[in-house]
Amino acid sequence: MPTQAVYEKEYVRKTKKSREHFMKAKKLLPAGVESNVRFFEPYPFYVKRAKGAYIYDLDDNRIIDYALGYGPMLLGHNHPEVVRAVKEQVGKGTMYGASPDLAIEYVKMVQKAMPSVEMFRFANSGTEATMHPMRVARSYTGKEKIAKAEGAYHGGHDYALQGVDIPEAMMKDSRNQPTVPFGSGIPKCISDLVVLYPFNDWGATEDVITKNADDLAAVIIEPIQAGGGCFIPRDNYLKKLRKLTTELGIVLIFDEVLTGFRVAFGGVQEKFDVKPDITCIAKVAGGGYQLAGFGGKRDIMEEIVPKVDGNVYHGGTYNAHPVSVAGGLRTLQILSKPGIYKKIDKIGDSLFHGLKEVAEDRGVNVWVESLGSLGQMYFTDKEVSRWRDAIDVDREKWRHWFMHSLGRGVFFGVPHADEHFFTSLAHSEKDIAYSLEVSDEAFKAIAKG
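Pasting the structure below:
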């Protein structure tokens with residue numbers, strides 16, 4: 022167990038059962054967790070139930086939750102209408118091995134939100150939702166390379182795990198950044214087929230894509246980059262990218278796994294009025310159940326249609342799982358109601374703007390980057406608008422704020438300084454006020470050094 026920092030003491034005092042559970046879990050699960058992102062020091066806490074804006078750990082601590090399943094729970098945990106829809110479907114059957122009737126209704130709801138989706142295929146995770154479109158794009162164009170942004174995260178497959186993090190010794194000019202695999206076990210030949218460009222730096226992005234255009238099947242982008250935290254597109258960056266990829270005949274893939282149905286019903290493409298060729302969705306799309314998918318232009322998606330002379334393979338035993346479709350459909354139906362995003366955005370703005378104001382009142386330098394219910398706070402005295410800006414932020418101050426808050430019952434999202442956190446429709450004014458009060462305590466201690 023690492024040396025305990027002062028700001029961890031309250032967390033450790035209140036989570037004895039989680040510590041005991043961790044000691045058992047790490048013997049069975051690498052790092053004691055089911056996904057690496059869930060691990061943090063001195064040890065993660067473990068949850069036994071959730072409701073609305075709260076999760077409850079093994080020690081019965083009620084925690085205000087801004088992780089929200091790392092994105093899916095925009096309505097809050099255990100929303101009664103979603104639970105009712107799921108229970109109704111369970112009573113009809115949980116697995117058919119054939120297409121469920123609800124799938125068509127779900128796709129029509131996706132098309133209502135995102136008119137760019139002319140045809141759609143289901144998947145089970147964000148990783149699958151980005152992996153398949155890359156393959157479809159390669160088939161459609163006859164080219165092999167994919168371009169992705171530095172620091173962007175598009176899931177856990179080999180093509181996506183490139184340039185997610187770049188060691189300082191390997192950091193080069195953003196116009197000529199070599200592709201670096203994230204973690205071990207990834208074949209070098211995959212890295213040779215991925216090109217890196219810098220999000221929100223249009224001059225360098227244009228250079229990289231134009232230079233590699235003859236080999237590029239697709240450009241994939243988180244239209245609000247969440248890999249590295251939260252970076253909102255500036256200066257018509259997305260519109261410029263759409264124009265360039267159209268001119269060069271390159272498929273443009275929007276990874277809206279995190280932003281779809283969150284920053285607007287129609288995602289970033291609605292918010293910024295840019296239509297990609299293919300859109301990837303997950304997280305909010307399933308309302309807390311395992312549902313993902315991708316869709317776009319008909320002529321591109323028809324690469325999947327079985328043909329005598331060959332086609333793109335796409336399959337999956339659990340694709341369009343009836344229970345997940347039922348939960349996801351009810352979630353999207355709720356989110357499609359008029360005025361609901363005004364409420365969602367108001368809650369998000371009250372937290373993210375409040376954090377900046379409270380930090381400034383204590384003389385603590387922070388940059389808060391947010392849009393509606395998605396954002397991140399960086400401890401720095403500089404603007405953070407792209408991934409490279411976030412490399413030199415003060416991670417120790419961030420950890421102090423995060424752990425102090427967790428010890429006081431506020432879970433500020435993914436437990437790493439280069440990630441993000443969320444608000445939900447379930448968070449009350451009282452929840453926000455308490456969260457800002459707790460943060461103020463942390464900022465006061467940080468200001469004193």
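Going by our numbering, the sequence shown opens with residue 22, and the numbers climb by one from there.
Note that CB positions come from ideal geometry on N, CA and C, so glycine has one too.
Rounded to whole angstroms, the separation of the alpha carbons of E440 and M192 is 20 Å. With 16 or more neighbouring CB atoms inside 10 Å of its own CB, S39 falls in the buried class.
In this structure, the straight-line span from the alpha carbon of D256 to that of L279 is close to 22 Å. According to the DSSP assignment, S426 belongs to the alpha helix (DSSP H) that extends over R416 to G428.
For L273 against R283, the beta-carbon gap comes to about 20 Å, at or over 8 Å, which does not count as contact. For K304 against P93, the beta-carbon gap comes to about 4 Å, under 8 Å, which counts as contact.
P297 is positioned such that its CB atom lies no closer than 7 Å to that of F315. Contact annotation: the segment 221-236 does not touch the segment 121-132, with fewer than three C-beta pairs closer than 8 Å. Partner residues in the beta bridge of R83, as assigned by DSSP, are Y77.
Of the residues S445, L353 and P65, the one whose Cα lies closest to the Cα of S394 is S445. With fewer than 16 other CB atoms across the displayed protein chains lying within 10 angstroms of its CB, M116 is exposed. Per DSSP, reduced to three states, the secondary structure at M135 is coil, with no helix or strand assignment.
Judged by their CB atoms, I211 and V240 are not nearer to each other than the 7 Å cut-off.
For W408, no alpha helix (DSSP H) segment is defined, and its DSSP state is neither H nor E.
For R70, the enclosing beta strand (DSSP E) has its first and last residue at V68 to K72.
In this structure, F400 keeps its C-beta atom at 7 Å or more from the C-beta atom of V379. DSSP, read as helix, strand or coil, puts R283 in coil. In the three-state reduction of the DSSP assignment, Y362 falls in the helix class. Here the C-alpha atom of T200 lies approximately 25 Å from the C-alpha atom of S146.
For Y32, the enclosing alpha helix (DSSP H) stretches over residues K30 to K35. According to DSSP, F442 shares a beta bridge with G396. The beta-carbon distance between N99 and K72, rounded to whole angstroms, is 5 Å. This is short enough to meet the 8 Å contact definition. Beta-bridge pairing by DSSP links T300 to F275 and G316. For the pair Q290 and S460, the Cα-to-Cα distance works out to about 33 Å.
According to the DSSP assignment, M140 belongs to no alpha helix (DSSP H) but to the beta strand (DSSP E) extending over M140 to A144. Each of G430, K363 and P188 was checked against the Cα of L457, and the nearest Cα belongs to G430.
Going by DSSP, K166 is part of the beta strand (DSSP E) stretching over K166 to A170.
Of the residues assessed, R351 falls on the buried side of the cut-off, its CB having 16 or more other CB atoms within 10 angstroms.
Ranked by how close their Cα comes to the Cα of G349, the residues V157, G396 and E102 have E102 in first place. Within 10 angstroms of the beta-carbon of M44 lie fewer than 16 other beta-carbons, which makes it exposed. Annotation: A239 is outside any alpha helix (DSSP H); the continuous beta strand (DSSP E) that includes it extends over L237 to I242. A direct Cα-Cα distance of roughly 12 Å separates E268 from E227. Judged by DSSP secondary structure, L214 falls outside any beta strand (DSSP E); it is assigned neither H nor E. For V27, the secondary structure class from DSSP, reduced to helix, strand or coil, is helix. For a cut-off of 8 Å, the C-beta gap from A150 to A285 is around 19 Å, too long to register as a contact. Looking at the DSSP output, S391 sits in a beta bridge with G396.
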